[in-house]
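Chemist: Chains as they are written, first to last, in the working numbering: chain F, 1 to 278; chain P, 279 to 556; chain R, 557 to 834; chain H, 835 to 1112; chain L, 1113 to 1390; chain D, 1391 to 1668. Dropping the structure in here first, questions after.
Protein chains: 6
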Amino acid sequence: MILPAFYVDDIIKRALAEDINYVDISADYLIDEKQRNHAYFIAKADGVLCGIDVAMRVFELLDPSFEKKVYCRDGDKIKKGDIIADFSGRTTLLLKGERTALNLLQHMSGIATATNEIVKLCEGTNAQITDTRKTLPSIRALQKYAVTCGGGKNHRFNLSDCAMLKDNHIDACGSITGAVEKLRSKLGHTTKIEVETRDLKEVKEAAEAGADIIMLDNMDCDTMREAIKIIDGRARTEASGGITKENVREVAETGVDIISLGALTHSVKAFDISMKMK
Amino acid sequence: MILPAFYVDDIIKRALAEDINYVDISADYLIDEKQRNHAYFIAKADGVLCGIDVAMRVFELLDPSFEKKVYCRDGDKIKKGDIIADFSGRTTLLLKGERTALNLLQHMSGIATATNEIVKLCEGTNAQITDTRKTLPSIRALQKYAVTCGGGKNHRFNLSDCAMLKDNHIDACGSITGAVEKLRSKLGHTTKIEVETRDLKEVKEAAEAGADIIMLDNMDCDTMREAIKIIDGRARTEASGGITKENVREVAETGVDIISLGALTHSVKAFDISMKMK
Amino acid sequence: MILPAFYVDDIIKRALAEDINYVDISADYLIDEKQRNHAYFIAKADGVLCGIDVAMRVFELLDPSFEKKVYCRDGDKIKKGDIIADFSGRTTLLLKGERTALNLLQHMSGIATATNEIVKLCEGTNAQITDTRKTLPSIRALQKYAVTCGGGKNHRFNLSDCAMLKDNHIDACGSITGAVEKLRSKLGHTTKIEVETRDLKEVKEAAEAGADIIMLDNMDCDTMREAIKIIDGRARTEASGGITKENVREVAETGVDIISLGALTHSVKAFDISMKMK
Amino acid sequence: MILPAFYVDDIIKRALAEDINYVDISADYLIDEKQRNHAYFIAKADGVLCGIDVAMRVFELLDPSFEKKVYCRDGDKIKKGDIIADFSGRTTLLLKGERTALNLLQHMSGIATATNEIVKLCEGTNAQITDTRKTLPSIRALQKYAVTCGGGKNHRFNLSDCAMLKDNHIDACGSITGAVEKLRSKLGHTTKIEVETRDLKEVKEAAEAGADIIMLDNMDCDTMREAIKIIDGRARTEASGGITKENVREVAETGVDIISLGALTHSVKAFDISMKMK
Amino acid sequence: MILPAFYVDDIIKRALAEDINYVDISADYLIDEKQRNHAYFIAKADGVLCGIDVAMRVFELLDPSFEKKVYCRDGDKIKKGDIIADFSGRTTLLLKGERTALNLLQHMSGIATATNEIVKLCEGTNAQITDTRKTLPSIRALQKYAVTCGGGKNHRFNLSDCAMLKDNHIDACGSITGAVEKLRSKLGHTTKIEVETRDLKEVKEAAEAGADIIMLDNMDCDTMREAIKIIDGRARTEASGGITKENVREVAETGVDIISLGALTHSVKAFDISMKMK
Amino acid sequence: MILPAFYVDDIIKRALAEDINYVDISADYLIDEKQRNHAYFIAKADGVLCGIDVAMRVFELLDPSFEKKVYCRDGDKIKKGDIIADFSGRTTLLLKGERTALNLLQHMSGIATATNEIVKLCEGTNAQITDTRKTLPSIRALQKYAVTCGGGKNHRFNLSDCAMLKDNHIDACGSITGAVEKLRSKLGHTTKIEVETRDLKEVKEAAEAGADIIMLDNMDCDTMREAIKIIDGRARTEASGGITKENVREVAETGVDIISLGALTHSVKAFDISMKMK
């Protein structure tokens, strides 16, 4: 697992605590604690897998005697009917972990699958697909990791690791130029500055002020093309706002470097995977 | 706020910790710590609001000097362009809280809106719409609360508060009848037993065994109608599996008591709300 | 262990942190860290065992080299002098865990033993013995689990999983009938409604309003018998208030379905078990 | 409050999380969120109050608009019928906090009351009454504080703050003398050494070895008197083991300095206090 | 406070829990809980203040009635004898908070003061002074913030927010060029790549591979000058390793852009500030 | 490990969470997850080792396949060039753990080394060297343990485990005598009383009042000698305030029992240890 185990464990334990409370009155009251069972995960659709280590970890945390064979890895393309993993453990614990494991696996695979769809739509262009900070509470790392499994890249993780200048920041300093200069004098050398722009005048000023990245916010494709010409390689360009499956290819063809989509993480469709017990 | 504040606060603090890390290098480095600003939330679509107290709480946790006027309450119908709340506080803290507040508000309103759409499709029938345990880690309570704001009802919260008998439980006891009896002898008197059934034979046995609720799992509407006849009021009936906006009305018209949909919480589309600073 | 290990571990870690602080200045300063020892738990009275997995877990968390043979399981009747478990580990860690393990084991066995005494007093009647929400902070699940090990059953776990209508709720709606109706329209289908009644008029109204459970609060046995007649199977009946070892049999013989006792968990007498090192 | 608020708050939040889960389906679904109510705590027996600040804090954490008048303080003698505190707040939140507040208040007052009973039995003797480490998980500080409110004193809080030598420690060093010497060479100057003794030979050796405190473990009163003579003021003396309400006075009259009782905290009888709403 | 309050609060609560345990047996047992007192912080040396908001927050968390006047802000130069803040609160709580507040304030001011000394030594050169990841557990953010208060800048906060290529990374890819290329294809656009170099050959390759930052690791000043010539503005240059107060000016005069010093945070000398009560 | 593993684990997890965030973009993106490597710790100076178990634990928490040979133990004298431990594990996880492990090991060894230097300066005298409560937040136990590894002893751990009377406490009771008496009547028998004195008059009163320990606060050596004569064995004596490497021998030769130094934990110089990968 690339994500640190202790970080993932915290998420899983909170989820299990929500889901189990203290006993599973169906399983604990009916099934012998020592009974063991086999089970497997099977894909119910085509897509990109993500979260299999996390899902397996759910059972490992519940059951030290849990055993597994994992056939597909995070980032693998999977087809409807594929067996993703085969595993066995105490029946009561398989039943206690089932929902939590699937909730995580389906959510992460949903993100990877949707990201991959967008990435493939832009194949052959220069554009990289990235996420945003529009994520769900407590699971940003899981979501951002899932975006990379789908072939996307990660935008900044938090407010400390890349500066992004919007109106309020710029107003506070009088101008884009003023804001970039003031910030440059305070930022460490490892940190980039991105400037949000809404028209070509702002684009020009941002490029001249030395922004590392210029966001072209909610611009139409013609304007973006114009902006990219003005910037002329002085900064990386990012298209953002109102981008969907329908228009992403057109946006990518403007020559923009990055396309960021909030929907990758804020509007996730669970990817259908079932757990079957034998 | 109906949800306990200390519970909501934990979710918010984890989300803020993810999003801020330690400083907001854009705002903290450019804007005077004492500067104050006004801002408001505005709906960008029609739907049902949910999470406004939670969103306001984000700012209250960051800024003791935060002030607010809230115009719409959880559960209210809102229209594109509606001002949901007006508020003011220290500019740097409004900026630090913005993303976390919107992520929560958009997610919860997305659930309430989607639930309400389903609820309205079933108006005039007997059917109640409920959620499932297919929720996202750490925020089940937020999601279940949002379902009620959209007019839905809550299915069981966790594995301790209602028994649900599936194949594995039933196999362990030899029969539905055996499982229900064994469970009845162990369960407290406040807890109901639901039995999952896949055909009319199972439906009959479950009804005779005295199940409180009988789930009609992935049945077509004709079979469900038949099942409801067989049950004849001896148990409440729940339709589950493969139910969508497209077919929910037809399912509701079978006379089933409850329709449960995983998608309400596992495949949420964020509801579009913006924060504008003045 | 039926209780989830990660849940139990949290309780144990907090208890160990309280009890050890950072070093055990007696053992760590005098005994070689590598020295190993055998020890065993022995019952000092007759009763019902509960918490042996929890107690063993204390040592497992402290010492990865811990080994055990457990002779009695939760729920087993034990006699003074019985050896409950035999185990070995690093001496310093056995000493560090001893107090925490015994505190948990004695408390849980105390509950199981007291519950069992009540349960046996009611043998041959219809009455089930249940706990209440009068539990100690952080360990409700341990306590409720112990009640089941003693042969009792669990009343509702929390305020979300069963509705209980008292004066204030009823006053807010004008009448028992109004309260039950309003609640029915809001509750999910998995949740029962219990109504607290103090006289036969209320009993009658509760039964007619369709309460699932009717609590007969602090009634004498004659009144309870009358109430049970009025209810006539329309709801389950629960006796509560002022019930002790002395009068529980008499209460049970009224024909009431459930008898709930706060003392099972709020006034626990530790069951005497010793740890001996060899 | 003498106990640090943030420490108490953690205990309360865990207790509330157990007790509420996410909504109070009785109160939240029936009572207007804005409705306010008055309530009071009334003693149902004679005893010593403890935990009133903790109980009030439960409501303060739930309801920022909570207001209170507190008439009795921790350590006060109270009589059946005494009004302990009068308070008001939002009705739904009073109902949500009631059980948690009472569980804490009744437990702590139960300890203070039982301790006080023992203390009074020993009045006029030299003996101080103390607790032990036989406490319940997570609430040792609450319990030890309650002992002081009842007029008792605290034995060591944890394994770091006073050394206690038992057989295993002594065996590891060959003799009491060896153990005390070795320990003295390692301990900081703020820490005392107590030696557990089971006969007069051990008592003598402990006194000569320079123990600060000598525990007379499970000795009869004649042996204790003899032991006290042998020690002759060289160490403080502590009686422990098998001490009850029935024999404590006799033990105290031996002239022993300290009498420690595990039952003060491991076998607590809740003190009866009710909350009434007006 | 720029650092998020809830983040700082967690650090403070852990520190207070360590320092108080449950009661302050000196203050709580001797001083009336209602007694109030005035106190102030006074500098015992010349330096740069940091942590005054954090220190004040200690008392605010303990005592809702705490009041303060703060005369110096984080980043201010202070002189021996300066009164930093004047405050009042309940005496017992001032005493409970004193040590924790001073421990934090002295540590943070120690960092700011030492950083400032280095910054001043480099005045007039191009060089920026930065910290490293050589920080103390749990308080990295406090330490990095203190560096900025002393006039330094922050290097990367963690392993996610800037890539740093060392031997192992480079070996895994065959060459600096290979490593930079592979990484560029995976990294998001907001993230920079720094390459650690140990000789001029590596410097040249790193510059040609397009590294954003080139670390000149443990090089002498002549080699660094040479390296800077080779890089010729294609990347930012960072001197690291073996830099002290004695040689930092000489290093700065090589023209290097950044000088990073582990000692700023791993070998902190507490800055002397006293709390006096009136 | 003497320090409880679960306690150490919490510190490590918080440190790793700070340092890794979610991925190590250098290692995770460049090095095959399955690649394994050998590494070792090597001393870069002469001193006393402390924290090797803690450092190894960092890798064990990250990597279940981690293997180690540890050649030096906590408290061992080490020389520049000594190999402290040899270990192997997954390369990406060795890289993720490196900084956290070294930060802890260098800090703890720094404390042990500095303590040992002071201890050796006082060899042949009566004086014991102790720490104070001037520690860093969250890691007091690590720091106090390191002091013992360097040959020092621990002063009180927290405000609950030894009483220390300063002006404010004494003023509140009118006199040293009054304060000691009042406290003696409230304290448990396991707890000592230390009185801070600033002149010989106070020393005399403290000795007569029966203080267990008398602190000679910021006195010169002649005064201390005088004080020790006055006390004449009635209490242990502790020198505190302004003690450094330069004057500690002179202080020790006054015959004082204990010398406490805040600098041992508040002004720590990291001890240089490197991790090399093979």
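Just so you know, even glycine gets a beta-carbon here, dropped at the ideal spot from N, CA and C. What you are looking at is a predicted structure, and each value in this text was computed from that prediction instead of being measured.
Entirely within the segment 1326 to 1352 of chain L and at least 3 residues each: give me those beta strand (DSSP E) ranges in chain order.
Modeler: Whole beta strand (DSSP E) segments, 3+ residues: 1348 to 1352.
Chemist: Hey, is Q35(F)'s beta-carbon within less than 8 Å of any beta-carbon in chain L?
Modeler: The residue you call residue 35(F) lines up with position 35 of the first sequence. Not closer than 8 Å to any Cβ of chain L, the Cβ of Q35(F) fails to qualify, so no.
Chemist: Where does K282(P) land, buried or exposed, given buried means 16+ other C-beta within 10 angstroms?
Modeler: The residue you call residue 282(P) lines up with position 4 of the second sequence. Correcting the residue identity first, residue 282(P) is Pro in this sequence and not Lys. The residue is buried, with at least 16 neighbouring Cβ atoms inside 10 Å.
Chemist: Measure the beta-carbon distance from V301(P) to S185(F) and round it to whole angstroms, keeping in mind my assumption that it falls under 8 Å.
Modeler: The residue labelled residue 301(P) in the question sits at position 23 within the second sequence. The residue labelled residue 185(F) in the question sits at position 185 within the first sequence. 15 Å between Cβ atoms; not a contact.
Chemist: Residues of the segment 8 to 30 of chain F with a CB closer than 8 Å to any CB of chain P: list them in chain order, please.
Modeler: Listed in sequence order: I11, I12, R14, A15, E18, D19, I20, N21, Y22, V23, D24, I25, S26, A27, Y29, L30.
Chemist: So, does the CB of L105(F) fall closer than 8 Å to a CB anywhere in chain R?
Modeler: Locating residue 105(F) in the first sequence gives position 105, counting from the first residue. Not one chain R Cβ lies under 8 Å of L105(F).
Chemist: Taking DSSP's pairing of strands, which residues face T753(R) in a bridge?
Modeler: To locate residue 753(R), count along the third sequence from 1; it is residue 197. Beta-bridge pairing links T753(R) to L772(R).
Chemist: Counting along the chain, where does the beta strand (DSSP E) carrying A317(P) start and finish?
Modeler: Taking the second sequence and counting its residues from 1, the one referred to as residue 317(P) is at position 39. Taken as a continuous stretch (DSSP letters only), the beta strand (DSSP E) holding A317(P) covers 314 to 321.
Chemist: How is A1197(L) classed by DSSP in three states: helix, strand or coil?
Modeler: Along the fifth sequence, one-based indexing puts residue 1197(L) at 85. If DSSP states are grouped into helix, strand and coil, A1197(L) belongs with the strands.
Chemist: For S109(F), which of helix, strand or coil comes out of DSSP?
Modeler: Counting from 1 along the first sequence, the entry for residue 109(F) is found at position 109. S109(F) falls in the helix class under three-state DSSP.
Chemist: So E901(H) is in the beta strand (DSSP E); what residue range does that whole segment cover?
Modeler: Locating residue 901(H) in the fourth sequence gives position 67, counting from the first residue. 901 to 904 is the span of the beta strand (DSSP E), which, as asked, contains E901(H).
Chemist: Which residue from R476(P), A484(P), A441(P), A487(P) puts its Cα closest to that of D465(P)?
Modeler: By 1-based counting over the second sequence, the position of residue 465(P) is 187. As written in the sequence, residue 465(P) is Leu, which differs from the Asp given in the question. It is A441(P).
Chemist: Pairs of beta-carbons, one from the segment 369 to 378 of chain P and one from the segment 309 to 325 of chain P, closer than 8 Å: are there three or more?
Modeler: Segments in contact, yes.
Chemist: Compare the Cα-Cα distances from D1188(L) to each of A1347(L), D1121(L), N1228(L) and report the closest residue.
Modeler: Walking along the fifth sequence from the start, residue 1188(L) turns up at place 76. Closest option to D1188(L), Cα to Cα, is N1228(L).
Chemist: Could you give the first and the last residue of the continuous alpha helix (DSSP H) run that contains A270(F)?
Modeler: Position 270 of the first sequence, counted from the start, is the residue given in the question as residue 270(F). Element bounds for A270(F): n/a, residue is neither H nor E.
Chemist: What number of angstroms, rounded off, separates the C-alpha of Q940(H) from the C-alpha of E782(R)?
Modeler: Counted from its first residue, the fourth sequence places residue 940(H) at position 106. Counted from its first residue, the third sequence places residue 782(R) at position 226. So the alpha carbons of these two residues sit roughly 33 Å apart.
Chemist: Measure the Cβ-Cβ separation of M1667(D) and N1280(L) and say whether it is below 8 Å.
Modeler: Position 277 of the sixth sequence, counted from the first residue, corresponds to residue 1667(D). Position 168 of the fifth sequence, counted from the first residue, corresponds to residue 1280(L). In contact: M1667(D) and N1280(L) (Cβ atoms closer than 8 Å).
Chemist: Inspect the beta-carbon positions of A405(P) and I521(P) and report whether they are closer than 8 Å.
Modeler: Counted from its first residue, the second sequence places residue 405(P) at position 127. Counted from its first residue, the second sequence places residue 521(P) at position 243. Their beta carbons are not under 8 Å apart, which means A405(P) does not touch I521(P) by this criterion.
Chemist: How long is the line joining the alpha carbons of T265(F) and T964(H), rounded to whole angstroms?
Modeler: Looking up residue 265(F) in the first sequence gives position 265. Looking up residue 964(H) in the fourth sequence gives position 130. Using only the alpha carbons, I get a separation of about 58 Å.
Chemist: Check whether the Cβ atoms of E1628(D) and I1603(D) lie closer than 8 Å to each other.
Modeler: For the purposes of this step, residue 1628(D) is identified with residue 238 of the sixth sequence, where counting begins at 1. For the purposes of this step, residue 1603(D) is identified with residue 213 of the sixth sequence, where counting begins at 1. Their beta carbons are under 8 Å apart, which means E1628(D) touches I1603(D) by this criterion.
Chemist: Counting contacts by CB-CB distance shorter than 8 Å, is L102(F) in contact with chain R?
Modeler: Indexing the first sequence from 1 puts residue 102(F) at position 102. For L102(F), the answer is no, since every Cβ of chain R falls outside 8 Å of its Cβ.
Chemist: Alpha carbon to alpha carbon, what distance is there between K192(F) and I1305(L)?
Modeler: Position 193 of the fifth sequence holds residue 1305(L). Position 192 of the first sequence holds residue 192(F). Cα to Cα, I1305(L) sits roughly 11 Å from K192(F).
Chemist: From this set, N988(H), F921(H), V1090(H), M942(H), which residue's C-alpha is nearest D897(H)'s C-alpha?
Modeler: As a position in the fourth sequence, residue 897(H) is number 63, starting the count at 1. The candidate whose alpha carbon is nearest that of D897(H) is F921(H).
Chemist: Assign A530(R) to buried or exposed, taking buried as 16 or more other Cβ atoms, counted over all protein chains shown, within 10 Å of its Cβ.
Modeler: With chain R running from 557 to 834 in the structure shown, residue 530(R) is simply not present.
Chemist: Tell me which residue opens and which closes the alpha helix (DSSP H) that L721(R) is part of.
Modeler: By 1-based counting over the third sequence, the position of residue 721(R) is 165. Segment 719 to 721 is the beta strand (DSSP E) holding L721(R); no alpha helix (DSSP H) there.
Chemist: Give me the Cα-Cα distance between G817(R) and K79(F), rounded to the nearest whole angstrom.
Modeler: Working through the third sequence from its first residue, we reach residue 817(R) at position 261. Working through the first sequence from its first residue, we reach residue 79(F) at position 79. Looking at the sequence shown, residue 817(R) is not Gly but Leu. Distance between the alpha carbons of L817(R) and K79(F): 56 Å.
Chemist: Please list, in chain order, the residues of the segment 202 to 226 of chain F that have any C-beta partner in chain L closer than 9 Å.
Modeler: So the list reads D212, I213, given in the order they occur along the chain.
Chemist: Give the secondary structure of I1415(D) by DSSP, where H, G and I count as helix, E and B as strand, and everything else as coil.
Modeler: In the sixth sequence, counting from the first residue as 1, residue 1415(D) sits at position 25. Three-state DSSP puts I1415(D) in coil, outside helix and strand.
Chemist: I'd like the list of long-range same chain contacts for C1512(D), defined as Cβ closer than 8 Å, with 5 residues on each side in sequence excluded.
Modeler: Locating residue 1512(D) in the sixth sequence gives position 122, where the first residue counts as 1. Same-chain partners within the cutoff: I1519, V1638, R1639, A1642, I1649.
Chemist: Going by DSSP, which residues form a beta bridge with I356(P)?
Modeler: By 1-based counting over the second sequence, the position of residue 356(P) is 78. In DSSP, I356(P) forms a bridge with G325(P).
Chemist: Would you please verify whether the beta carbon of L929(H) is less than 8 Å from any beta carbon of chain P?
Modeler: The sequence position of residue 929(H) within the fourth sequence is 95, counting from 1. For L929(H), the answer is no, since every Cβ of chain P falls outside 8 Å of its Cβ.
Chemist: Please state whether DSSP places Q709(R) in a helix, a strand or coil.
Modeler: Taking the first residue of the third sequence as 1, we reach residue 709(R) at position 153. First, the residue type needs correcting, since residue 709(R) is Lys and not Gln in the sequence shown. Of the three classes helix, strand and coil, the one that applies to K709(R) here is strand, per DSSP.
Chemist: Go ahead and pull the three-state DSSP assignment for R848(H).
Modeler: Within the fourth sequence, residue 848(H) is the residue found at index 14, counting from 1. Helix at R848(H).
Chemist: Can you list, in chain order, the residues of its chain whose CB lies under 8 Å from that of V1570(D), leaving out five sequence neighbours each side?
Modeler: Position 180 of the sixth sequence holds residue 1570(D). Hits under 8 Å: L1555, I1583, V1585, A1596, A1599, G1600, A1601.
Chemist: Can you pull the chain D residues whose beta carbon is under 8 Å from the beta carbon of E1028(H), in chain order?
Modeler: Position 194 of the fourth sequence, counting from 1, holds the residue named residue 1028(H). By Cβ distance, chain D contributes T1580.
Chemist: Report yes or no: is there a C-beta of chain D within less than 8 Å of the C-beta of I2(F)?
Modeler: Translated into positions along the first sequence, residue 2(F) becomes position 2. Yes, because at least one Cβ of chain D sits closer than 8 Å to the Cβ of I2(F).
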